[in-house]
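K.L.:
For reference, the structure I am asking about is given below.
Residue numbers (my numbering): 130 to 889.
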């Protein structure tokens, strides 16, 4: 049992610190931006680097040159922390970072900001991480993005890259940090998007032409974007219930007219389960004859695409493999020859990949998923000729023979962040310093790689002789050309860095430490010839002024694990340490998951030994029952995980009374009350039965942001709702975190609220 809680705040805070900070890896209190490496030229041009702090994920960084006289800002390098996309021909590289979306469209060219999301500017306040995901067309000529309207919703727009023209498509689209509800066809002519739980198509021809078709006549069907799949031939697949439909892209305009009362396309197969577009996904084979169906993210089945059987005249035994409950990222590589590779990528940098292989050419009982003993990489891509598999991750990149699994080439042993094929034997891959092209089979005496783009530098500054901007990446140095549009590779021995300076006759620059939710420090400029000191460019200020801008998002785990992997990933991405409450039923079912929460540095509180409703009259609740239930869960948690619970608890369903709270206090626990009930636990069936207000995830996000106050404890329920939901609040956690950060809040564990005097 815990030592008894006697109201001594100092004892409580010390106890919390001993039990939680010592349990695992510590997380900082939310990601912030820091500046470094100021270097000022005699002409008043300042170089600096901006980067993130607080996240254990890939850290974004960017180098800029700023002219202090005319406020002209030039991006020199950008290493994206969010995503990298390269067009099919390799000519356009899209960099999505917390500092904006940039494009490199020539060899060794500078990154150019695209006017799709806010980016670092010299004259406009900038809040890092504001942009949502982008969806470039495969040919790189178009970008789909969302123009924000509210914290959770915005307008879907298409950006024509060459013309720099924006077309508005639809309002009320759910925003997303890592993905948008839209998918392009392989030929870059058509895309499908989701709005209000319905799917619609649109096309480049409609955007650029004079003919406008109302959205209601472009309907594909109901559901989320996970219901649709494009194959390489341009066929669009759509699942409704257990039925799989196929439509050729050229038929979309005629088929969609009847989609509100007739199924979209031709039925080509049936599934043994209803498709749940909240948790299920699928892949269609290149010949259109088979489907891989991932149920609840943990059960992968292969089925031939065929109509439902009335008489059992065919083989009914098919390959199946079970995935761990932590599965979230699954990649499938499927050749026309019937060979399938399945890659399960880890959510975290300290995780391990899993890989399975299935050969559909086998007969009878020989068709089964075979696990690979030594899987490599976290991501992959199949070559156009389907003969080679390119895999990459933190240990480098290699090319395998797709049929035999033999290694053909190793491209790098350092961390690789993106790779893709440009042709059957030519690929590109991204290291920390830049982008390389590699051609398989070329016989060269020198380095077989070609350097095509500079993304980051180990050193930067001004040349001691010419005064040009220099960058050093790897063992090479590069000079900025006179037009400031691209990097010029220098020969060995060329380019000498002068010593960095922070003042000249006109300016003095320095970094000022900040007490801010957004910045660790900020560059300042002192004008030497007049009595003025100011920030180099405007700082973002929160719309609300709060002395203690802290609140707690707490996560309740009663019986199910759904949502936990993505919640842990989002919290790690934003550098947030939070509080989780675990029920004994969850601990008994998922001991590894319960331990993982503590290992990742989060605070873990007690949610009683069983998921019972203490307000139910069938239970006799007294003080001894409460204390024994807390002690049992505490001991079972320690036995299952090796960690101790923090002396925080709340009853299941947040039921409370003076008897319950007094008994918990006598048992050494502080009762945590919720300050805002988001009603994320209300299911569709419960809404109809009890007339409770049901809200989708995006609506819940906006409700919470509008009602939040400093010191609030806001619970989020994890696990699949048996009453059914269209989506879940935990799936929109990235939107909630960004919205709260925008308001100036810092998300902290409950013990921090106690420490700050925000909870008694």
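Yeah, the Cβ is synthetic: ideal placement off N, Cα and C, and Gly gets one too. Predicted model, so just to flag it, every value in this text is computed and none were measured.
Roughly how many angstroms lie between the CA atoms of residue 257 and residue 191, to the nearest whole one?
P.N.:
Here residue 257 corresponds to residue number 128 of the chain shown, with the count starting at 1. Here residue 191 corresponds to residue number 62 of the chain shown, with the count starting at 1. So the alpha carbons of these two residues sit roughly 12 Å apart.
K.L.:
Taking only the alpha-carbon atoms, compute the straight-line gap between residue 413 and residue 419 and give it to the nearest angstrom.
P.N.:
Taking the chain shown and counting its residues from 1, the one referred to as residue 413 is at position 284. Taking the chain shown and counting its residues from 1, the one referred to as residue 419 is at position 290. Cα to Cα, the separation comes out at about 6 Å.
K.L.:
What does the Cβ neighbour count give for residue 156, buried or exposed, with the cut at 16 atoms within 10 Å?
P.N.:
In the chain shown, counting from the first residue as 1, residue 156 sits at position 27. Note that residue 156 scores a pLDDT of 40, beneath 50, so its modelled location is shaky and nothing firm can be said.
K.L.:
How is residue 636 classed by DSSP in three states: helix, strand or coil?
P.N.:
Position 507 of the chain shown holds residue 636. Strand, per DSSP.
K.L.:
From residue 917 to residue 272, what distance separates their C-alpha atoms?
P.N.:
With the chain represented from 130 up to 889, any question about residue 917 goes unanswered, as that position is not in the structure.
K.L.:
Evaluate residue 775 with the Cβ neighbour count: other Cβ atoms within 10 Å of its Cβ, from every protein chain shown; 16 or more gives buried, anything less gives exposed.
P.N.:
In the chain shown, the residue the question calls residue 775 occupies position 646. When all chains shown are included, residue 775 counts as buried.
K.L.:
For residue 488, does the three-state DSSP call read helix, strand or coil?
P.N.:
Walking along the chain shown from the start, residue 488 turns up at place 359. Residue 488: strand per DSSP, three-state reduction.
K.L.:
Can you name, in chain order, every residue of its own chain whose Cβ lies under 6 Å from the Cβ of residue 512, other than the five neighbours on each side?
P.N.:
Residue numbering aside, residue 512 sits at position 383 when the chain shown is read from its first letter. Cβ neighbours of residue 512 beyond the five flanking positions: 550, 553.
K.L.:
I'd like the list of long-range same chain contacts for residue 423, defined as Cβ closer than 7 Å, with 5 residues on each side in sequence excluded.
P.N.:
In the chain shown, residue 423 corresponds to position 294, counting from 1. The residues are 409, 410, 411, 429, 459.
K.L.:
Can you tell me whether residue 625 is buried or exposed? The criterion is at least 16 other CB atoms within 10 Å of its CB, across all chains shown.
P.N.:
In the chain shown, the residue the question calls residue 625 occupies position 496. Exposed, since its Cβ has fewer than 16 Cβ neighbours within 10 Å.
K.L.:
Which residue comes first and which comes last in the beta strand (DSSP E) that contains residue 460?
P.N.:
Position 331 of the chain shown holds residue 460. Note, residue 460: beta strand (DSSP E), 458–463.
K.L.:
For residue 641, count neighbouring C-beta atoms within 10 Å of its own C-beta (all shown protein chains included) and say buried if the count is 16 or more, exposed if not.
P.N.:
The residue you call residue 641 lines up with position 512 of the chain shown. Classification for residue 641: exposed.
K.L.:
Using the rule of at least 16 other Cβ atoms within 10 Å of the residue's Cβ for burial, across every protein chain shown, is residue 661 buried or exposed?
P.N.:
On the chain shown, residue 661 is found 532 positions in, with the first residue counted as 1. A residue is called buried once 16 or more other Cβ atoms fall within 10 Å of its Cβ, and residue 661, having fewer, is exposed.
K.L.:
Please state whether DSSP places residue 657 in a helix, a strand or coil.
P.N.:
The count along the chain shown starts at 1 and reaches residue 657 at position 528. Of the three classes helix, strand and coil, the one that applies to residue 657 here is coil, per DSSP.
K.L.:
Please state the DSSP three-state secondary structure of residue 437.
P.N.:
The residue you call residue 437 lines up with position 308 of the chain shown. Coil.
K.L.:
State yes or no: is the C-beta of residue 302 within less than 7 Å of the C-beta of residue 324?
P.N.:
Within the chain shown, numbered from 1, the residue matching residue 302 stands at position 173. Within the chain shown, numbered from 1, the residue matching residue 324 stands at position 195. A contact, by the Cβ cut-off of 7 Å.
K.L.:
Check for me: the alpha helix (DSSP H) holding residue 813 runs from which residue to which?
P.N.:
As a position in the chain shown, residue 813 is number 684, starting the count at 1. Taken as a continuous stretch (DSSP letters only), the alpha helix (DSSP H) holding residue 813 covers 813–819.
K.L.:
For the stretch 686–696 against the stretch 729–745, are there 3 or more C-beta pairs whose distance is under 8 Å?
P.N.:
yes
K.L.:
Residue 212: which of 203, 218, 205, 222 sits nearest, CA to CA?
P.N.:
Here residue 212 corresponds to residue number 83 of the chain shown, with the count starting at 1. Considering only alpha carbons, the answer is 222.
K.L.:
Tell whether a beta-carbon distance below 7 Å holds between residue 583 and residue 616.
P.N.:
Residue 583 sits at position 454 when you count from the first residue of the chain shown. Residue 616 sits at position 487 when you count from the first residue of the chain shown. Using a Cβ distance threshold of 7 Å, residue 583 and residue 616 count as a contacting pair.
K.L.:
What residue from 777, 819, 792, 868 has the CA that sits closest to residue 889's CA?
P.N.:
Residue mapping note: residue 889 aligns to position 760 of the chain shown, counting from 1. Closest option to residue 889, Cα to Cα, is 777.
K.L.:
Would you identify the three-state DSSP class for residue 347, choosing helix, strand or coil?
P.N.:
If you number the chain shown from 1, residue 347 lands on position 218. Three-state result, residue 347: helix.
K.L.:
Within 10 angstroms of the Cβ of residue 886, are there 16 or more other Cβ atoms? Answer buried if so, exposed if not.
P.N.:
Here residue 886 corresponds to residue number 757 of the chain shown, with the count starting at 1. It counts as exposed.
K.L.:
Count the other CB atoms within 10 Å of the CB of residue 446; is the residue buried (16 or more) or exposed (fewer)?
P.N.:
The residue labelled residue 446 in the question sits at position 317 within the chain shown. The residue in question, residue 446, is exposed, as its Cβ has fewer than 16 Cβ neighbours within 10 Å.
K.L.:
Going by DSSP, what residue range makes up the alpha helix (DSSP H) through residue 698?
P.N.:
To locate residue 698, count along the chain shown from 1; it is residue 569. Segment 693–702, the alpha helix (DSSP H) holding residue 698.
K.L.:
Helix, strand or coil, according to DSSP, for residue 783 in the structure here?
P.N.:
To locate residue 783, count along the chain shown from 1; it is residue 654. Helix, per DSSP.
K.L.:
Helix, strand or coil: which one does DSSP assign to residue 644?
P.N.:
As a position in the chain shown, residue 644 is number 515, starting the count at 1. Correct three-state label for residue 644: coil.
K.L.:
Tell me which residues share the same chain as residue 853 and place their Cβ nearer than 8 Å to its Cβ, disregarding the 5 neighbours each side in the sequence.
P.N.:
By one-based count along the chain shown, residue 853 stands at place 724. Cβ within range, chain order: 812, 813, 814.
K.L.:
If you draw a straight line from the alpha carbon of residue 882 to that of residue 679, how long is it in whole angstroms?
P.N.:
The count along the chain shown starts at 1 and reaches residue 882 at position 753. The count along the chain shown starts at 1 and reaches residue 679 at position 550. For residue 882 and residue 679, the distance between alpha carbons rounds to 7 Å.
K.L.:
Under three-state DSSP, which class holds residue 737?
P.N.:
Stepping through the chain shown from its first residue, residue 737 is reached at position 608. For residue 737, the three-state secondary structure derived from DSSP is coil.
K.L.:
Would you kindly work out how many angstroms separate the C-alpha atoms of residue 474 and residue 500, rounded to a whole number?
P.N.:
Counted from its first residue, the chain shown places residue 474 at position 345. Counted from its first residue, the chain shown places residue 500 at position 371. Their backbone Cα atoms lie some 14 Å apart in a straight line.
K.L.:
Using beta-carbon positions only, say whether residue 254 and residue 669 come within less than 7 Å of one another.
P.N.:
Here residue 254 refers to the residue found at position 125 when the chain shown is read from its first residue. Here residue 669 refers to the residue found at position 540 when the chain shown is read from its first residue. A contact, by the Cβ cut-off of 7 Å.
K.L.:
If you reduce the DSSP assignment to three classes, tell me which class residue 750 lands in.
P.N.:
Translated into the one-based positions of the chain shown, residue 750 becomes position 621. Coil at residue 750, not helix or strand.
K.L.:
Relative to the alpha-carbon of residue 259, which residue among 601, 306, 725 has its alpha-carbon at the smallest distance?
P.N.:
In the chain shown, the residue the question calls residue 259 occupies position 130. Of 601, 306, 725, the residue nearest in Cα terms is 306.
K.L.:
Do the stretch 236–245 and the stretch 850–866 meet, that is, are 3 or more Cβ pairs less than 8 Å apart?
P.N.:
The stretch 236–245 vs the stretch 850–866: no contact.
K.L.:
Which residue wins for smallest C-alpha separation from residue 579, given the options 417, 219, 527?
P.N.:
Taking the first residue of the chain shown as 1, we reach residue 579 at position 450. Of 417, 219, 527, the residue nearest in Cα terms is 219.
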